[in-house]
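Asker:
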Amino acid sequence: MENQTRFDLRTAIESWRQELAAQPNLASDDRRELETHLRDAIAELCQRGLNEEESFWLARRRVGQPEQLAEEFVKADPAAVWRERILWITVGTVGCYELTTGHGVLSNLLDPFGRHTGAWLDLGLFLIPCLTLIGLTLMIRYSHVPRPLSYFGRTPGSPGFLASVLLVVLFVTVLFAYFSAGKIGSSANDMFSIGAMIAMGQTWLFSAAWPAMMIIIVFLMPREPTRNRKAPKHA
Amino acid sequence: MLAKDLVAASSKPLVLSILADGESYGYEIIQKVRELSGGHIEWSDGMLYPVLHRLERDGLIDSEWKEADTGRERKYYFLSSDGRKALKTERQQWLAVHNTLSKLWKIKPVSI
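Protein chains in written order, with our numbering: chain P, 1 to 235; chain H, 236 to 347.
#1: Which of helix, strand or coil does DSSP assign to residue 7 (chain P)?
#2: Between the alpha carbons of residue 285 (chain H) and residue 8 (chain P), how many angstroms are there, rounded?
#3: How is residue 340 (chain H) classed by DSSP in three states: helix, strand or coil?
#4: Leaving out five residues before and five after residue 215 (chain P) in sequence, what residues of the same chain have Cβ atoms less than 8 Å from its Cβ?
#5: Secondary structure at residue 272 (chain H), three-state DSSP: helix, strand or coil?
#6: Where does the unbroken alpha helix (DSSP H) through residue 240 (chain H) begin, and where does it stop?
#7: Return yes when the Cβ of residue 66 (chain P) is within less than 9 Å of the Cβ of residue 14 (chain P), no when it is not.
#8: Can you list, in chain order, the residues of its chain whose CB lies under 6 Å from that of residue 23 (chain P), leaving out five sequence neighbours each side?
#9: Consider the Cβ of residue 8 (chain P): report whether some Cβ of chain H lies at a distance smaller than 9 Å.
#10: Against residue 37 (chain P), what residues of chain H qualify as contacts under a CB-to-CB distance less than 7 Å, listed in chain order?
#11: Among the candidates P:103, P:129, P:123, P:87, whose CA atom is the shortest distance from the CA of residue 212 (chain P)?
#12: Report, in whole angstroms, the separation of the C-beta atoms of residue 295 (chain H) and residue 251 (chain H), which I expect to be a contact under 8 Å.
#13: Would you kindly report the start and end of the unbroken alpha helix (DSSP H) that includes residue 297 (chain H)?
#14: Write down the C-beta distance between residue 17 (chain P) and residue 41 (chain P) rounded to the nearest angstrom, noting that I regard them as a contact closer than 8 Å.
#15: Decide if residue 180 (chain P) is buried, meaning its Cβ has at least 16 other Cβ atoms within 10 Å, or exposed.
#16: Taking the DSSP output, what are the residues bridged to residue 267 (chain H)?
#17: Touching or not, the stretch 299-309 of chain H and the stretch 24-40 of chain P, by the rule of three or more beta carbon pairs under 8 Å?
#18: Using a Cβ-Cβ cut-off of less than 7 Å, give me the residues of the stretch 52-72 of chain P that come near chain H, in sequence order.
#19: Looking only at C-alpha atoms, which of P:219, P:103, P:99, P:26 sits nearest to residue 68 (chain P)?
#20: Is the Cβ of residue 248 (chain H) closer than 9 Å to any Cβ of chain P?
#21: At a CB-CB cut-off below 8 Å, which residues of chain H make contact with residue 41 (chain P)?
#22: Using three-state DSSP, classify residue 157 (chain P) as helix, strand or coil.
#23: Are at least three pairs of beta-carbons, each pair with one atom in the stretch 193-210 of chain P and one in the stretch 96-113 of chain P, less than 8 Å apart?
#24: For the candidate residues H:244, H:239, H:307, whose alpha-carbon lies nearest to that of residue 332 (chain H)?
#25: To be precise: take each residue of the stretch 73-104 of chain P, compare its Cβ to all Cβ atoms of chain H, and keep it if any distance is under 9 Å. Which residues remain?
#26: Suppose contacts are defined by Cβ-Cβ distances below 9 Å. Is residue 254 (chain H) in contact with residue 264 (chain H) by that definition?
#27: Any idea what DSSP makes of residue 279 (chain H), helix, strand or coil?
#28: At a Cβ threshold of 9 Å, is residue 293 (chain P) touching chain H?
#29: Whose Cβ in chain H lies nearer than 8 Å to the Cβ of residue 33 (chain P)?
#30: Compare the C-alpha of residue 325 (chain H) against each of H:267, H:299, H:247, H:269 and name the closest.
#31: If you follow the beta strand (DSSP E) that residue 62 (chain P) is in, where does it begin and where does it stop?
#32: With respect to 8 Å, is the separation between the Cβ of residue 209 (chain P) and the closest non-hydrogen atom of the ligand ZN below this value?
#33: Helix, strand or coil: which one does DSSP assign to residue 308 (chain H)?
#34: Measuring alpha carbon to alpha carbon, tell me which of H:275, H:277, H:290 ends up nearest residue 315 (chain H).
#35: What residues in its chain sit with their C-beta under 7 Å from that of residue 258 (chain H), if we drop five residues either side in the sequence?
#36: To which residues does DSSP link residue 171 (chain P) through a beta bridge?
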């Protein structure tokens, strides 16, 4: 009996993309550029009369081994990968701050002292954004960056812009958290609750020091030579 | 087929010369080199990009992601003003080598 699996070009390209993504020295922009090259090569080979499977394997061979490619790319610009990593670490640090602060502010605004909902509100407000963050991290890890986020990941040429956006987000959150804590504190009817709210407000304020430090690092980071004026979309 | 060292050394003037005619993308540059050299210069496809990135880092070329007619996006490279100056120097140097060899091999030299 014949046991032949049908070749699926999309799956094959996806698998190749995963191999590239496994190379820590290849930045997302490099991977995307290589993918457009692979797709161009496949299209041309198909036009010449080869079938999709033959075209894919030939194009893949021509592009080269992912390990060798990574070595060559890192030689050309050794700092490129680190620039991208620092950007994502900063986005992650600010994201975590937003998550913890947003959780605290919302749970206090909706049910100031947990009198009505108990732990459920806390759990819900924590789990939903937390699972969203984990999901996004996994998607980014496997090169499935959602379009709105992809803009951030592919702007290594303008880290100053990204840092400015993050700084505004951080500043607004800190102000919002601080004043909302003060507002709840003033509505509390005993000294213990007032003290707890002030302490919480201060914690939110001081916790902002880490993301703020990462933003400063992005501001000080050496600029990439590329002057891409337009962020790439999916190939 | 050309020796590896010569292929590597000629990559800069070749890329700059191709881009002097107008913007282009990696795949097209490779195809052009293959076609112009009659298959004598064979670049490994993936290895062109580090060369392009190095030239970009040196400020000789710039890049821009643009949508092609097919609807897919490609990273187009184009020559910068520094790249034009570098191409002029490269041209003089390569022609000097060419003329020296031409005299040795009794072939008509070209004007630099």
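We put the CB at the ideal spot given by N, CA and C, even for glycine.
Answerer: Taking the geometry as given:
#1: Numbered from its first residue, the first sequence carries residue 7 (chain P) at position 7. Coil, per DSSP.
#2: Mapped onto the second sequence, residue 285 (chain H) falls at position 50. Mapped onto the first sequence, residue 8 (chain P) falls at position 8. Taking the straight line joining both Cα atoms gives about 30 Å.
#3: As a first step, residue 340 (chain H) is located in the second sequence; it is residue number 105 there, counting from the start. If DSSP states are grouped into helix, strand and coil, residue 340 (chain H) belongs with coil.
#4: Locating residue 215 (chain P) in the first sequence gives position 215, counting from the first residue. Contacts found: 90, 94, 163, 166, 167, 170.
#5: Position 37 of the second sequence, counting from 1, holds the residue named residue 272 (chain H). Of the three classes helix, strand and coil, the one that applies to residue 272 (chain H) here is coil, per DSSP.
#6: Locating residue 240 (chain H) in the second sequence gives position 5, where the first residue counts as 1. Counting along the chain, the alpha helix (DSSP H) containing residue 240 (chain H) begins and ends at 239-255.
#7: Locating residue 14 (chain P) in the first sequence gives position 14, counting from the first residue. Locating residue 66 (chain P) in the first sequence gives position 66, counting from the first residue. No, these two residues do not count as a Cβ contact at 9 Å.
#8: Along the first sequence, one-based indexing puts residue 23 (chain P) at 23. So the qualifying residues of the chain are 66, 70.
#9: Position 8 of the first sequence, counted from the start, is the residue given in the question as residue 8 (chain P). Not closer than 9 Å to any Cβ of chain H, the Cβ of residue 8 (chain P) fails to qualify, so no.
#10: Numbered from 1 along the first sequence, position 37 holds the residue referred to as residue 37 (chain P). Neighbours of residue 37 (chain P) on chain H, chain order: 261, 262, 280.
#11: Residue mapping note: residue 212 (chain P) aligns to position 212 of the first sequence, counting from 1. Closest by alpha carbon: P:87.
#12: By 1-based counting over the second sequence, the position of residue 295 (chain H) is 60. By 1-based counting over the second sequence, the position of residue 251 (chain H) is 16. Sure, about 7 Å apart at Cβ, within 8 Å.
#13: Taking the first residue of the second sequence as position 1, residue 297 (chain H) is located at position 62. That residue, residue 297 (chain H), is in no alpha helix (DSSP H); its beta strand (DSSP E) goes 296-302.
#14: For the purposes of this step, residue 17 (chain P) is taken as the residue at position 17 of the first sequence. For the purposes of this step, residue 41 (chain P) is taken as the residue at position 41 of the first sequence. Not confirmed; about 15 Å, so no contact.
#15: Numbered from its first residue, the first sequence carries residue 180 (chain P) at position 180. Residue 180 (chain P) comes out buried.
#16: Looking up residue 267 (chain H) in the second sequence gives position 32. Per DSSP, none; premise fails for residue 267 (chain H).
#17: yes
#18: 62, 63, 64, 69, 72
#19: What you label residue 68 (chain P) is simply residue 68 of the first sequence in a count that begins at 1. Nearest C-alpha to residue 68 (chain P): P:26.
#20: For the purposes of this step, residue 248 (chain H) is identified with residue 13 of the second sequence, where counting begins at 1. Cβ-Cβ to chain P under 9 Å: no for residue 248 (chain H).
#21: In the first sequence, the residue the question calls residue 41 (chain P) occupies position 41. The answer, in chain order, is 262, 280.
#22: Sequence index remark: in the first sequence, residue 157 (chain P) carries index 157 (1-based). Confidence in residue 157 (chain P) is poor, its pLDDT being 49 and thus under 50, which makes the residue's placement unreliable; the coordinate value appears in the next sentence. In this structure, residue 157 (chain P) counts as coil in the three-state DSSP scheme.
#23: Yes: the two stretches touch, three or more of their Cβ pairs being nearer than 8 Å.
#24: Taking the first residue of the second sequence as 1, we reach residue 332 (chain H) at position 97. The shortest Cα separation from residue 332 (chain H) among H:244, H:239, H:307 belongs to H:244.
#25: Within the stretch 73-104 of chain P, the residues whose Cβ lies closer than 9 Å to any Cβ of chain H are, in chain order, 73, 74, 75, 76, 77, 80.
#26: Position 19 of the second sequence holds residue 254 (chain H). Position 29 of the second sequence holds residue 264 (chain H). Cβ atoms of residue 254 (chain H) and residue 264 (chain H): closer than 9 Å.
#27: Indexing the second sequence from 1 puts residue 279 (chain H) at position 44. Of the three classes helix, strand and coil, the one that applies to residue 279 (chain H) here is coil, per DSSP.
#28: Summary: the structure shown does not reach residue 293 (chain P), with chain P confined to residues 1 through 235, and so no result is reported for it.
#29: For the purposes of this step, residue 33 (chain P) is identified with residue 33 of the first sequence, where counting begins at 1. Simply 261, 284, 310.
#30: Position 90 of the second sequence, counted from the first residue, corresponds to residue 325 (chain H). Comparing alpha-carbon positions, the option among H:267, H:299, H:247, H:269 lying closest to residue 325 (chain H) turns out to be H:247.
#31: For the purposes of this step, residue 62 (chain P) is identified with residue 62 of the first sequence, where counting begins at 1. Residue 62 (chain P) -> not in any beta strand (DSSP E); alpha helix (DSSP H) instead, spanning 52-63.
#32: The ligand ZN is absent from the structure shown, which contains no ligands of any kind.
#33: Taking the second sequence and counting its residues from 1, the one referred to as residue 308 (chain H) is at position 73. DSSP places residue 308 (chain H) in strand when its eight states are reduced to three.
#34: Translated into the one-based positions of the second sequence, residue 315 (chain H) becomes position 80. Closest option to residue 315 (chain H), Cα to Cα, is H:290.
#35: Position 23 of the second sequence, counted from the first residue, corresponds to residue 258 (chain H). For residue 258 (chain H), where only same-chain residues beyond five positions count, the Cβ hits under 7 Å are 311, 312, 313.
#36: Your numbering for residue 171 (chain P) matches position 171 in the first sequence. Answer by DSSP bridge pairing: none, since residue 171 (chain P) is not bridged.
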